[in-house]
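Each residue of the sequence shown is one higher than the one before, starting from 269 at the first, in the working numbering.
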Amino acid sequence: FKQLRRQPDLTEVNFWSPSPKAFRALQPGELFLFKLHSPINMIVGGGVFASSTIMPLSLAWEAFGTSNGVTSLPEMRSRILRYRKLDPNTAGPVEIGCRVLTQPFFLDESRWFSPPSSWSKNIVSFTTYGTDDSEGAALWNAVRDAMVPAVSSTGFSEEKSRFGEPALIRPRLGQGAFRLLVTDLYDRRCAITKERTLPALEAAHIRPYAEGGEHSPSNGILMRRDIHSLFDQGYVTVTPDHRFEVSRRIREEFENGRHYYELHGSAITVPSMVSQQPDANALAWHNNNRYFG
């Protein structure tokens with residue numbers, strides 16, 4: 269908590285679990301609150317729940333870095349092994365639970381407040397409240413009252429909904445959340461080659477964020493690292509009808525590329541939900557503004 273609170277312009281955090289456990293307590297857009305352990309036992313901030321997944325520690329660090337609440341990968345690994353009560357010299361890959369929160373906020377200490385009276389000392393991880401009961405409604409009002417002076421600094425995308433009637437908020441995804449979400453939407457396989465070696469896969473932006481693209485699932489495709497590099501530089505593209513194309517420039521410039529040309533014209537794999545499939549306008553932008561042809 270202290271590490272995250274000190275970071276300026278924080279847009280997302282990974283509230284990780286040391287064990288690879290699924291988290292299904294919230295829907296995307298619902299409020300996730302931070303409560304400090306005993307003896308403080310106060311609610312001190314929160315964020316908008318975006319997604320949850322199980323990922324290798326190495327990928328969680330690549331995606332979120334210090335937004336994991338630690339200063340380094342070795343520190344994060346050491347904490348996880350300690351929480352699991354394992355030998356600190358344990359080698360090999362480690363998987364953790366990732367709970368991605370966007371638009372995090374941290375209350376001034378003077379505005380920290382106590383959890384509902386029903387909060388049990390036996391609760392060691394989390395519990396849920398709904399605004400359809402008195403305690404949940406009171407909790408919502410307490411958060412709203414504690415945050416009103418800080419509305420302008422929280423960066424919430426929908427302030428009216430945020431501080432008026434309880435409502436789901438569209439999570440404003442950051443780079444880390446985008447990477448994990450796209451990885452899962454494509455079943456952890458390269459959309460072009462079906463490669464499943466996770467460290468070799470990357471979530472590619474169709475239209476770069478710096479050029480008007482968004483960190484949204486429909487602006488992403490999971491690609492093998494080398495194909496992602498070629499895609500960003502314009503040597504390959506994906507057409508609006510989801511066909512993979514390879515530019516003649518690879519052969520002309522490098523006198524190579526046979527393995528890429530074998531994939532030319534093939535259909536890529538896309539998510540089953542239409543809203544999560546590559547956006548046709550973004551693909552057309554890449555065809556016209558990045559691809560060499």
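Glycine is no exception: its CB is placed at the ideal position from the N, C-alpha and C atoms.
Give every residue of the same chain whose Cβ lies closer than 7 Å to the Cβ of residue i, excluding the five residues on either side of it in the sequence, and list them in chain order.
| i | result |
| --- | --- |
| threonine 321 | Cys366, Leu448 and Asp452 |
| glutamate 470 | Met491, Arg493 and His496 |
| leucine 278 | Leu272, Ser335 and Pro372 |
| phenylalanine 446 | Ala471, His483 and Gly488 |
| glycine 480 | none |
| glycine 561 | Ser515 |
| leucine 466 | Pro324, Leu327 and Arg456 |
| tyrosine 397 | Pro384, Glu403, Gly404 and Leu407 |
| valine 450 | Ala471, Pro485, Gly488 and Leu490 |
In terms of residues, what are the limits of the beta strand (DSSP E) holding residue i?
| i | result |
| --- | --- |
| methionine 344 | Counting along the chain, methionine 344 falls outside any beta strand (DSSP E), though it belongs to the alpha helix (DSSP H) covering 341-351. |
| asparagine 336 | Here asparagine 336 belongs to no beta strand (DSSP E), and DSSP marks it neither H nor E. |
| threonine 451 | Threonine 451 -> not in any beta strand (DSSP E); alpha helix (DSSP H) instead, spanning 443-453. |
| glutamate 513 | 512-514 |
| glutamate 280 | 280-282 |
| glutamine 371 | 363-374 |
| threonine 505 | 504-506 |
I need the boundaries of the alpha helix (DSSP H) containing residue i, first residue and last residue.
| i | result |
| --- | --- |
| serine 402 | 402-415 |
| lysine 289 | Note, lysine 289: premise wrong, no alpha helix (DSSP H); not H, not E. |
| leucine 272 | 270-273 |
| phenylalanine 522 | 517-522 |
I need the DSSP call for residue i, collapsed to helix, strand or coil.
| i | result |
| --- | --- |
| serine 497 | helix |
| alanine 318 | strand |
| serine 421 | Summary for serine 421: the model assigns pLDDT 48, below 50, so the residue's position carries little reliability; its value from the coordinates is reported in the next sentence. Helix. |
| phenylalanine 560 | coil |
| proline 467 | helix |
| isoleucine 311 | strand |
| proline 324 | strand |
| histidine 527 | helix |
| phenylalanine 302 | strand |
| glutamate 479 | helix |
| arginine 457 | coil |
| serine 540 | coil |
| leucine 490 | strand |
| serine 378 | helix |
| phenylalanine 431 | Summary for phenylalanine 431: the model assigns pLDDT 39, below 50, so the residue's position carries little reliability, and this model does not support an answer. |
| alanine 472 | strand |
| alanine 359 | coil |
Do residue j and residue i count as a contact pair if the criterion is CB distance below 8 Å?
| i | j | result |
| --- | --- | --- |
| glutamine 371 | glycine 444 | no |
| phenylalanine 300 | leucine 294 | yes |
| proline 296 | alanine 328 | no |
| valine 538 | alanine 468 | no |
| glycine 442 | glutamate 280 | yes |
| tyrosine 529 | valine 514 | yes |
| leucine 551 | proline 485 | no |
| serine 378 | methionine 310 | no |
| leucine 369 | isoleucine 348 | no |
| leucine 375 | threonine 461 | no |
| serine 570 | proline 356 | Not covered by the structure: residue 570. The range shown for the chain is 269 to 561. |
| arginine 352 | serine 287 | yes |
| phenylalanine 269 | valine 312 | yes |
| glycine 533 | arginine 517 | no |
| isoleucine 547 | isoleucine 474 | Rather than isoleucine, the amino acid found at residue 547 in this sequence is aspartate. Yes, the Cβ-Cβ distance between aspartate 547 and isoleucine 474 is below 8 Å. |
At a Cβ threshold of 8 Å, is residue i touching chain B?
| i | result |
| --- | --- |
| threonine 321 | Annotation note: the requested chain B is absent from the structure, which comprises a single protein chain. |
Please work out which residues of its chain come closer than 6 Å, Cβ to Cβ, to residue i, disregarding the five sequence neighbours upstream and downstream, and give them in chain order.
| i | result |
| --- | --- |
| threonine 505 | Glu513, His554, Asn555 and Tyr559 |
| arginine 274 | none |
| arginine 457 | Arg464 |
| threonine 422 | With a pLDDT of 48 at threonine 422, under the threshold of 50, the predicted position of this residue should be treated as unreliable, and no value is reported. |
| arginine 519 | Gly525 |
| glutamate 363 | Pro288, Ile322 and Pro324 |
| glycine 502 | Arg558, Tyr559 and Phe560 |
If you drop the 5 nearest sequence neighbours on each side, which residues of the same chain put their C-beta closer than 8 Å to that of residue i?
| i | result |
| --- | --- |
| serine 385 | Glu403 |
| alanine 535 | His510, Arg511 and Phe512 |
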